[in-house]
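Asks: Those protein sequences? They're chains A and B, same order as listed.
For the first sequence, this note's numbering begins at 1 and goes up steadily by one.
For the second sequence, this note's numbering begins at 1 and goes up steadily by one.
There are 2 protein chains.
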Amino acid sequence: MTSFYTLLHKDARTRARRGVIHTSHGDIQSPFFMPVGTRATVKTLSQEDLHAMGAQVELSNTYHLFLRPGLEIIGAAGGLHNFMSWQKPILTDSGGYQVFSLTNWRKITDEGVEFQSHLDGTKHFLTPERVMDIQGVLGSDMVMPLDECSPYPCSQEDAAAAVRRTTLWLKRTHAHFHAAGMHTRGQRLFAIVQGSVYRDLRERSARELTAIDTDGCAIGGVSVGEPVKEMFEVLGWTVDLLPEHKPRYFMGIGMPDQIVKAVGMGIDMFDTVVPTRYGRYGTCFTDKGTVVIRNGQYKADFSPLDPACDCHACTNYSRAYIRHLFNAGEVLGLRLAAYHNVHYYVKLMRRIREAIDAGCYADFQEDFLVRYGSPLAHREG
Amino acid sequence: MTSFYTLLHKDARTRARRGVIHTSHGDIQSPFFMPVGTRATVKTLSQEDLHAMGAQVELSNTYHLFLRPGLEIIGAAGGLHNFMSWQKPILTDSGGYQVFSLTNWRKITDEGVEFQSHLDGTKHFLTPERVMDIQGVLGSDMVMPLDECSPYPCSQEDAAAAVRRTTLWLKRTHAHFHAAGMHTRGQRLFAIVQGSVYRDLRERSARELTAIDTDGCAIGGVSVGEPVKEMFEVLGWTVDLLPEHKPRYFMGIGMPDQIVKAVGMGIDMFDTVVPTRYGRYGTCFTDKGTVVIRNGQYKADFSPLDPACDCHACTNYSRAYIRHLFNAGEVLGLRLAAYHNVHYYVKLMRRIREAIDAGCYADFQEDFLVRYGSPLAHREG
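(1) Buried or exposed: which applies to Phe125(B), given that a residue is buried once 16 or more other Cβ atoms fall within 10 Å of its Cβ?
(2) What would DSSP say about Met182(A), mapped onto helix, strand or coil?
(3) Given a cut-off of 8 Å, decide if Glu148(B) and Ala162(B) are closer than it, judged by their beta-carbon atoms.
(4) Ends of the alpha helix (DSSP H) at Phe83(B)?
(5) Buried or exposed: where does Asp120(A) fall if 16 or more other Cβ atoms within 10 Å of its Cβ makes it buried?
(6) Please list the partners that Arg294(A) has in chain B, where partner means a Cβ-to-Cβ separation under 8 Å.
(7) Compute the Euclidean distance between the alpha carbons of Gln388(A) and Lys88(A), then round it to the nearest angstrom.
(8) So, helix, strand or coil for Asn104(A), using DSSP?
(9) Glu114(A) lies in the beta strand (DSSP E); which residues open and close that run?
(10) For chain A, check one thing: does any of its Cβ atoms lie closer than 8 Å to the Cβ of His118(B)?
(11) Please tell me whether Tyr372(A) and Pro256(A) are closer than 8 Å, where the distance is taken between their beta carbons.
(12) Inspect the CB distances between the stretch 281-294 of chain A and the stretch 46-53 of chain A and report whether three or more fall short of 8 Å.
(13) Residues in the same chain with beta-carbon distance under 8 Å from Thr122(B), minus the five sequence neighbours each way, listed in chain order, please.
(14) What do you reckon, are the CB atoms on Val263(A) and Ala16(A) nearer than 8 Å?
(15) Is there a Cβ from chain B that is less than 8 Å from the Cβ of Gly381(A)?
(16) Going along chain A in order, which residues have a C-beta closer than 7 Å to the C-beta of Tyr278(B)?
(17) On a Cα-Cα basis, can you pick out the residue from Met132(A), Met144(A), Ala358(A), Gly254(A) that is closest to Val224(A)?
(18) At least one CB of chain A closer than 8 Å to the CB of Tyr5(B): is that the case?
(19) Would Ile134(A) count as contacting chain B if we go by Cβ distances under 8 Å?
(20) Check the Cβ of Leu45(B) against every Cβ in chain A and list those closer than 8 Å, keeping chain order.
(21) Along chain B, in chain order, which residues have C-beta atoms closer than 9 Å to that of Arg319(A)?
(22) Let me see if you follow: with CB-CB separation under 8 Å, is Ala390(A) close to chain B or not?
(23) Taking the DSSP output, what are the residues bridged to His124(A)?
(24) Can you have a look at His378(A) and say buried or exposed, based on whether 16 or more other CB atoms are within 10 angstroms of its CB?
(25) Give the residues of chain A in contact with Phe302(B), contact being defined as C-beta atoms less than 7 Å apart.
(26) Report the neighbours of Leu325(B) on chain A: residues whose CB is nearer than 7 Å to its CB, in chain order.
(27) Any C-beta of chain B within less than 7 Å: which residues of the stretch 56-85 of chain A qualify?
(28) Are the C-beta atoms of Arg316(A) and some chain B residue less than 8 Å apart?
(29) Measure the Cβ-Cβ separation of Tyr344(B) and Pro275(B) and say whether it is below 8 Å.
(30) Against chain B, with Cβ distances strictly below 8 Å, would Ala328(A) count as a contact?
(31) Could you tell me which residues DSSP pairs with Met269(A) in its beta bridges?
(32) Who pairs with Ser60(B) in a beta bridge, going by DSSP?
(33) So, helix, strand or coil for Ser328(A), using DSSP?
(34) In terms of residues, what are the limits of the beta strand (DSSP E) holding Ser193(B)?
(35) Comparing C-alpha positions only, which one of Val228(B), Gly186(B), His174(B), Lys229(B) sits nearest to Leu209(B)?
(36) Go ahead and pull the three-state DSSP assignment for Gly373(B).
So, in structure tokens, the structure goes:
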């Protein structure tokens, strides 16, 4: 079997890495961004849109798909790739984050988590093993284990309990993943480091989890409300404890400048709903910061959303037209803004890879953060 | 100057006609369907979508665009084609229908109609001349005059008053249209026959209006709530009174079987929100009738919306997936259903033209109406 991850090149002046992930649905050049299709669709976009903008992989969500449309239907379709007509790689999140967000509707024990559906109140019980079985039916290329994601803020005691349980669950996950033969069907398993904002807990979690032979490592329990400074501290403590020969996934991050920064710290994989969610509210990303398209200043501005962009929305439509669509509540407005934003993220990752390939990532990062007006500019890279 | 309409071929066994409309934004093969982009966008679709499915022309609405984004902005863009990035022909409705729908918010005199905006309550006064000036700024290829559209039901007295005023207004419209030089800038003017469901009034309106030298003739005040049988009676009385060398537009019609029937009675042009509106509610058109995609019978149906269709939605996605998108409230569902429906209408018109070209429209019509399960089947064609 081919190895899962090939490290192509390490940047000399930063910790940025160029690599390739190999899956049975094709290779993924890293670092990369995964557009988020929680319910088997990236909001307002089609899978053809994602192809056209060069997205390499799509992320979907085990919890949401388990509840609707349900495993029976996705199983009958022959898995999630067929169901949603996306034959490139898919990563599925475990649903741990979603279940733990249902604060009043779930009960956690070491055995697993009982919860009530946010859709119809029906009760379900998820265990580490069950979460693997579900993702086995989904057939995702990269599967995430059930973990306990600490909220923010979180006491050290609670965070420690979550770390203990996350390790316990990963051991069971790993055993079941292999016993069920998921690895032989081309699926790949990640670990998810927890530990909230406590350095010793992050280190303990990373140490315990990397002792288990997974295919990749994720840093979870970040971007849950903590200040950006603390988020990057967590990243700094954790990333060096992760093995070099496995891909590193910083879950749920982030704004463009945060991604540029995290790549420079050694991260390979990103996902966030930011480009689609901001797009739906009419906030569009450019290298010079955001354009809030509803603003009156754009009412007779016939330039593109982002003059530096070559996407479908920027090539064909003006700010004035897109603003009109938003004011009139027309779906095409949401779609064009979301299209531009996801394209912006996908293209940013391509620019990042090119900068690493060219050996100039330190300069790229510095230039980008300054031009973006980022508060992350001029810090240690 | 080229003539506006070329009659290519008259069907031997029905009254169907093949023709070409010539505009400064290109030719339009008739009979044809105009997707409705009331507010400068065909709901959920992009202009590239319309290109991809072969739409020849788009319809937009003077009243809505006048109120939002307003003439200043569309004028600054250089007209509606540029504003919405659609360089093919555009027809704009006058807004008469919309204004007369504001039953409690408008006051009609022979001079014009005063109304309050449905958006912000501001008062406006539209005259036949003003409606031309607005469409002059929009730059639409085909412009519709201000008319008085009778509701249904309507007394014979009220319908007669509307016929009188519609003729009065078309005379002023025609004079202003030419005085303002709109014809020399490539714009073309239609007349709109009124008269409700009264044969003598329809005949009077057609006689009075065709005495004025417009470029095309529309039948208005139909599909406003009257039974389908009466709608086709109105068409039958009116169509033969319209000149053969001008295109004939049956406004706001209709369901696929109604279009097939109306073509057989000599109509060239159609517009309706049916494909987009039905699509947004999950009802999809096929030659065998409609598919209501939310129905439970489709939950594990992995065939396309319409197995006979080659559109983007039917080529790529299954009924089960689109049903899931509707159940989850995802925009892609609306978009795929609307895309299929508009594609279905556009392709239906192409099939209609091919049948007329091949001299077999009577058979096509009969086959279509039977297969569709239409109540219009087996009546006089």
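The C-beta atom is built at its ideal place from N, Cα and C for all residues, glycine as well.
Replies: Based on what the coordinates show:
(1) The residue in question, Phe125(B), is exposed, as its Cβ has fewer than 16 Cβ neighbours within 10 Å.
(2) In the structure shown, Met182(A) sits in coil (DSSP, three-state: anything other than H, G, I, E or B).
(3) At a Cβ-Cβ threshold of 8 Å, Ala162(B) and Glu148(B) count as neighbours.
(4) Unbroken alpha helix (DSSP H) run through Phe83(B): 80-84.
(5) By the neighbour-count rule (16 or more Cβ atoms within 10 Å), Asp120(A) is not buried but exposed.
(6) Residues of chain B whose Cβ lies closer than 8 Å to the Cβ of Arg294(A) do not exist; the shortest such Cβ separation is about 12 Å.
(7) Not covered by the structure: residue 388(A). The range shown for chain A is 1 to 381.
(8) Note: Asn104(A) maps to coil in three-state DSSP.
(9) Bounds of the beta strand (DSSP E) holding Glu114(A) are 113-116.
(10) Not closer than 8 Å to any Cβ of chain A, the Cβ of His118(B) fails to qualify, so no.
(11) Yes.
(12) No: fewer than three Cβ pairs fall under 8 Å.
(13) If we look at Thr122(B) and ignore the five residues flanking it on each side, its Cβ neighbours are Gln116.
(14) Their beta carbons are under 8 Å apart, which means Val263(A) touches Ala16(A) by this criterion.
(15) No answer about Gly381(A) holds up, because its pLDDT of 43 lies below 50 and its placement is not dependable.
(16) Per Cβ cutoff of 7 Å: no residues; Tyr278(B) is ~15 Å from chain A at best.
(17) It is Gly254(A) whose Cα lies nearest to the Cα of Val224(A).
(18) Using a Cβ-Cβ cut-off of 8 Å, Tyr5(B) does not count as an interface residue toward chain A, since no Cβ of chain A sits closer than that to its own.
(19) Interface with chain B (8 Å Cβ-Cβ cutoff): Ile134(A) is excluded.
(20) Residues of chain A with a Cβ closer than 8 Å to the Cβ of Leu45(B) are, in chain order, Leu332.
(21) Within 9 Å Cβ-Cβ: nothing; Arg319(A) doesn't reach chain B, min ~11 Å.
(22) Given a span of 1 to 381 for chain A in the structure shown, any question on residue 390(A) remains unanswerable.
(23) Under DSSP, His124(A) shares a beta bridge with Phe115(A).
(24) Residue burial annotation: His378(A) is exposed, with fewer than 16 other C-beta atoms found within 10 angstroms of its C-beta.
(25) Ala77, listed in chain order.
(26) For Leu325(B), the chain A residues whose C-beta falls within less than 7 Å of its own C-beta are Thr41, listed in chain order.
(27) So the close ones are Arg68, Pro69, Ile73, Ala76, Ala77, Phe83, Met84, Ser85.
(28) Reading the sequence as shown, one finds Asn at residue 316(A) and not Arg. So yes, Asn316(A) belongs to the interface.
(29) Their beta carbons are under 8 Å apart, which means Tyr344(B) touches Pro275(B) by this criterion.
(30) With 8 Å as the cut-off, Ala328(A) counts as an interface residue toward chain B.
(31) DSSP lists Phe32(A), Tyr249(A) as the beta-bridge partner residues of Met269(A).
(32) In the DSSP output, where bridge partners are listed per residue, Ser60(B) has Thr92(B).
(33) Correcting the residue identity first, residue 328(A) is Ala in this sequence and not Ser. In the structure shown, Ala328(A) sits in coil (DSSP, three-state: anything other than H, G, I, E or B).
(34) In the sequence as displayed, the identity of residue 193(B) is Val instead of Ser. Val193(B) -> beta strand (DSSP E) spans 188-193.
(35) Here the closest residue by C-alpha is His174(B).
(36) The answer is coil: DSSP assigns Gly373(B) none of H, G, I, E or B.
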